[in-house]
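Visitor: My questions all concern the structure below.
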Amino acid sequence: MHKFAFRFILKSISYNILANSSINLLHVVLMLTTFFFSIDSEVSQSESLASAFLDAHRVAFQQSCLLLKVHPHSSKDSHLCIDIYDEVGIGGAASGVSGGLLHPYSPKVKVLWRGEDCWNECLRLLSVAERALEARVPDSISQDSSFFCMDEPIVCRRGILRTMMTEKNAEIMKENARTCIENCNLELLDKDAAQNLVPRLHVPLNAAVYMPQALSIRPTHYLQALFAACKNQADELCVSFSKKVEVNLYKESIDTLCELAGKYNAVIICLGAKVDMLPEFSGKLPLRTCRGVVAQLNLSAHSRDEYGCNSPSILSDAWLSFQGPRTVLMGSTWDWSSKNYSSSVCEDESSMALQELLPKASAVYPSIREWTFIRARAGLRAMPPLTNFGSLPILGCVNDAVKPKNKCMYWLFGGLGSRGLLYHAFLGKLLARAVVSDDEMVLPPELTSWKQMKVWKYNL
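Here the UniProt record's numbering is used: position 260 in the sequence shown is 260, and no number is missing along the way.
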């Protein structure tokens with residue numbers, strides 16, 4: 001049997017047996033869904049296998065086969081295997097800590113790099129995840145109770161409201177709001193209109209920007225639903241193409257890329273902030289770490305002043321991501337250069353986070369002081385470098401960092417920072433195309449310009 005396999009490294013390496021990983025799993029699930037769902041997820045069973053392989057951009061299975069160098073006339077025993085290594089499980093690390101606010105705009109409501117492409121790809125993957133949730137079967141409950149017992153929806157379609165707090169920023173935001181993405185509109189509101197959406201909202205400059213189509217995502221639900229969708233699609237592809245297709249999740253660790261030599265055709269490294277712990281990349285990547293604490297608050301049981309079901313989440317110096325009428329996530333702190341990978345937050349760190357976040361949040365929504373602190377969680381971000389193109393994630397082939405050389409191709413996908421939810425789907429598709437063609441030049445130069453930095457060039 002010919003076994004073709006990718007390994008997605010989603011587990012951070014530790015030199016201490018007590019250390020744990022903290023990884024942004026959005027990257028992982030993105031890769032799987034890119035391979036399985038890119039462009040079009042339907043293939044006519046009357047099509048020949050050869051024509052399916054020739055069109056790399058029609059469906060993700062063709063992408064996978066080209067990526068794995070499967071010849072159109074390969075043996076019926078050809079085997080496609082995708083192995084995911086993640087010690088804490090799907091949604092168990094930093095991505096599960098995210099507030100889940102999804103929109104394609106900067107803090108000054110300027111469209112981000114490739115914002116429309118990123119936004120549309122996110123919407124596509126959200127649809128995939130929602131269909132997987134709807135298609136769940138009772139037998140699945142015993143297999144993954146953490147996912148299938150969740151009753152809340154993956155997406156809260158309540159919109160997002162950003163207030164204007166300084167005169168200077170207000171003028172910039174008003175100008176930027178003139179340009180927006182067609183399916184994620186921006187609306188300039190005065191104080192009355194804003195308070196109609198969020199009663200008792202503080203609007204000091206009589207102006208706010210409303211994003212009615214922006215979304216609030218429950219990250220853990222989303223990730224686990226995408227993983228379920230990948231498993232389902234693998235089963236469907238087995239039937240459609242009479243090929244064995246596997247998607248495996250292992251809660252194990254990898255200490256060095258040398259362990260993988262000769263075992264896989266491609267290795268895609270999505271380690272987030274812990275990528276520096278791989279010996280092959282230690283001290284070589286232009287990434288900065290930043291720990292963020294997110295607090296959960298609930299409305300007191302005796303209070304009847306519930307948050308409106310149709311009222312938007314709020315962005316300001318601190319954000320408020322409302323999960324329901326009586327639950328909100330408040331974030332986030334920015335602890336630069338932290339090396340604390342744990343999602344657990346001690347009492348002192350929780351107290352410090354509340355002291356920092358509550359004044360910022362209450363400056364916009366004073367009623368938040370009536371809510372009660374429940375718990376805090378944290379994640380360690382891998383922040384991208386500042387380049388001539390701005391602060392963008394880092395992608396590319398990293399074979400030069402792996403010694404001794406071997407036939408396997410190694411690809412890096414990192415530095416998504418606090419915008420992983422927006423960037424993950426589109427960038428995953430770009431990387432998949434690069435791997436399919438064995439050509440890093442397929443990637444936009446903005447994403448590979450980091451390779452010209454001294455920290456990379458002079459440490460190889």
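C-beta atoms are modelled at their ideal positions from N, C-alpha and C, and glycine is treated no differently.
What are the partner residues of I160, as DSSP defines its beta bridges?
Guide: Position 160 of the sequence shown, counted from the start, is the residue given in the question as residue 160. Answer is M211 and S313, bridged to I160.
Visitor: Please report how far the alpha carbon of S46 lies from the alpha carbon of C81, in whole angstroms.
Guide: Taking the sequence shown and counting its residues from 1, one reaches residue 46 at position 46. Taking the sequence shown and counting its residues from 1, one reaches residue 81 at position 81. The predicted model places S46 with a pLDDT of 27, which falls under 50 and marks its position as unreliable; any figure quoted below should be read in that light. Their backbone Cα atoms lie some 25 Å apart in a straight line.
Visitor: Along the chain, which unbroken stretches of the beta strand (DSSP E) at least 3 residues long are found entirely within the stretch 215-294?
Guide: Fully enclosed beta strand (DSSP E) runs of 3 or longer: 215-217, 244-250 and 266-269.
Visitor: Whole angstroms are fine: how far does the CA of K405 sit from the CA of N399?
Guide: Residue numbering aside, residue 399 sits at position 399 when the sequence shown is read from its first letter. Residue numbering aside, residue 405 sits at position 405 when the sequence shown is read from its first letter. Straight-line Cα distance between these residues: approximately 8 Å.
Visitor: On a Cα-Cα basis, can you pick out the residue from I269, Q213 and H302 that is closest to I181?
Guide: On the sequence shown, residue 181 is found 181 positions in, with the first residue counted as 1. Of the candidates I269, Q213 and H302, the one whose C-alpha sits nearest the C-alpha of I181 is Q213.
Visitor: Name the DSSP bridge partner or partners of C397?
Guide: Working through the sequence shown from its first residue, we reach residue 397 at position 397. Note: C397 sits in a beta bridge opposite W411.
Visitor: Any contact of the stretch 326-336 with the stretch 299-311, i.e. 3+ C-beta pairs under 8 Å?
Guide: Contact between the stretch 326-336 and the stretch 299-311 is present, because at least three Cβ pairs lie under 8 Å.
Visitor: Which one of D348, K110, I154 and P153 has the shortest CA to CA distance from A177?
Guide: The residue given as residue 177 occupies position 177 in the sequence shown. The option with the nearest alpha carbon to A177 is K110.
Visitor: Is N196 helix, strand or coil when you go by DSSP?
Guide: Residue numbering aside, residue 196 sits at position 196 when the sequence shown is read from its first letter. N196: helix per DSSP, three-state reduction.
Visitor: Quick one: residues in its chain with C-beta nearer than 6 Å to the C-beta of A207, no 5 flanking neighbours on either side, listed in chain order?
Guide: Residue 207 sits at position 207 when you count from the first residue of the sequence shown. M164 and A170.
Visitor: Could you round the C-beta distance between C156 and S216 to whole angstroms and report it? I think they count as a contact, below 8 Å.
Guide: Indexing the sequence shown from 1 puts residue 156 at position 156. Indexing the sequence shown from 1 puts residue 216 at position 216. Confirmed, Cβ separation roughly 4 Å.
Visitor: Classify P384: buried if its beta carbon has 16 or more other beta carbons within 10 angstroms, exposed otherwise.
Guide: In the sequence shown, the residue the question calls residue 384 occupies position 384. Looking at its Cβ environment, which holds 16 or more other Cβ atoms inside 10 Å, P384 is buried.
Visitor: Could you check the C-alpha separation between T289 and V239 for me, to the nearest Å?
Guide: Taking the sequence shown and counting its residues from 1, the one referred to as residue 289 is at position 289. Taking the sequence shown and counting its residues from 1, the one referred to as residue 239 is at position 239. About 44 Å.
Visitor: Taking only three categories from DSSP, how would you classify I23?
Guide: As a working mapping, residue 23 is identified with position 23 in the sequence shown. Bear in mind that the predicted position of I23 carries a pLDDT of just 32, short of 50, making it too unreliable to give a figure here.
Visitor: Spatial neighbours of R291 within its chain, please: CB distance less than 7 Å, with the 5 preceding and 5 following residues excluded, ordered by chain position.
Guide: Position 291 of the sequence shown holds residue 291. Once the five neighbours on either side are set aside, the close Cβ partners of R291 are D335, S338, N340, A378 and L380.
Visitor: To the nearest whole angstrom, what separates the beta carbons of L271 and G414, a pair I think is in contact under 8 Å?
Guide: In the sequence shown, counting from the first residue as 1, residue 271 sits at position 271. In the sequence shown, counting from the first residue as 1, residue 414 sits at position 414. 7 Å between Cβ atoms; contact.
Visitor: Go to F373, then tell me how far its beta strand (DSSP E) extends in each direction, as first and last residue.
Guide: By one-based count along the sequence shown, residue 373 stands at place 373. Element bounds for F373: W371 to M383.
Visitor: Can you name the start and end residues of the beta strand (DSSP E) that Q355 belongs to?
Guide: Here residue 355 refers to the residue found at position 355 of the sequence shown. It is not in any beta strand (DSSP E) - Q355 instead sits in the alpha helix (DSSP H) that spans E347 to S362.
Visitor: State the Cα-Cα distance for the pair N388 and L285, rounded to the nearest angstrom.
Guide: Stepping through the sequence shown from its first residue, residue 388 is reached at position 388. Stepping through the sequence shown from its first residue, residue 285 is reached at position 285. If you take the alpha carbons of N388 and L285, they lie about 17 Å apart.
Visitor: Taking 7 Å as the limit between beta carbons, can you name the residues of its chain near L30, skipping five residues before and five after?
Guide: To locate residue 30, count along the sequence shown from 1; it is residue 30. The predicted model places L30 with a pLDDT of 40, which falls under 50 and marks its position as unreliable, so this point remains unresolved.
Visitor: Tell me, which residues are paired with Y105 by DSSP?
Guide: Position 105 of the sequence shown, counted from the start, is the residue given in the question as residue 105. Answer by DSSP bridge pairing, in chain order: V111.
Visitor: How would you write the range of the alpha helix (DSSP H) that residue 474 sits in, first residue to last?
Guide: In the structure as shown, the chain starts at 1 and stops at 460, and residue 474 therefore has no counterpart that could be examined.
Visitor: If you compare alpha carbons, which of Y105, V128 and A361 is closest to L297?
Guide: Taking the first residue of the sequence shown as 1, we reach residue 297 at position 297. Comparing Cα positions, the closest option is A361.
Visitor: By alpha-carbon positions, which one of W411, L320 and D192 ends up nearest to I368?
Guide: Taking the first residue of the sequence shown as 1, we reach residue 368 at position 368. Nearest of W411, L320 and D192 to I368, Cα basis: L320.
Visitor: If I394 sits next to L447, beta carbons under 8 Å apart, how far is it from one beta carbon to the other, in whole angstroms?
Guide: For the purposes of this step, residue 394 is taken as the residue at position 394 of the sequence shown. For the purposes of this step, residue 447 is taken as the residue at position 447 of the sequence shown. Correct: roughly 7 Å between the Cβ atoms.
Visitor: If you count every other CB in all the chains shown that lies within 10 Å of the CB of L257, and 16 or more means buried, which is it?
Guide: If you number the sequence shown from 1, residue 257 lands on position 257. Buried, by the Cβ-count rule.
Visitor: Please report the distance separating the alpha-carbon of Y410 from that of A194.
Guide: Along the sequence shown, read from residue 1 onward, the residue named residue 410 stands at position 410. Along the sequence shown, read from residue 1 onward, the residue named residue 194 stands at position 194. Those two C-alpha atoms are separated by around 49 Å.
Visitor: Drop a sphere of 10 angstroms on the beta-carbon of P359, count the other beta-carbons inside from all chains shown, and report buried for 16 or more, exposed for fewer.
Guide: Within the sequence shown, numbered from 1, the residue matching residue 359 stands at position 359. It counts as exposed.
Visitor: Run through DSSP, which three-state label would I181 get?
Guide: Here residue 181 refers to the residue found at position 181 of the sequence shown. Looking at I181 - three-state DSSP - the assignment turns out to be strand.
Visitor: At the level of alpha carbons, what is the spacing between T166 and L125?
Guide: Numbered from 1 along the sequence shown, position 166 holds the residue referred to as residue 166. Numbered from 1 along the sequence shown, position 125 holds the residue referred to as residue 125. So the alpha carbons of these two residues sit roughly 36 Å apart.
Visitor: Apart from the five residues on each side of it in sequence, which residues of its chain come closer than 8 Å, Cβ to Cβ, to V435?
Guide: The count along the sequence shown starts at 1 and reaches residue 435 at position 435. Excluding residues within five positions, the ones whose Cβ falls inside 8 Å are L67, A266, I268, M409 and W411.
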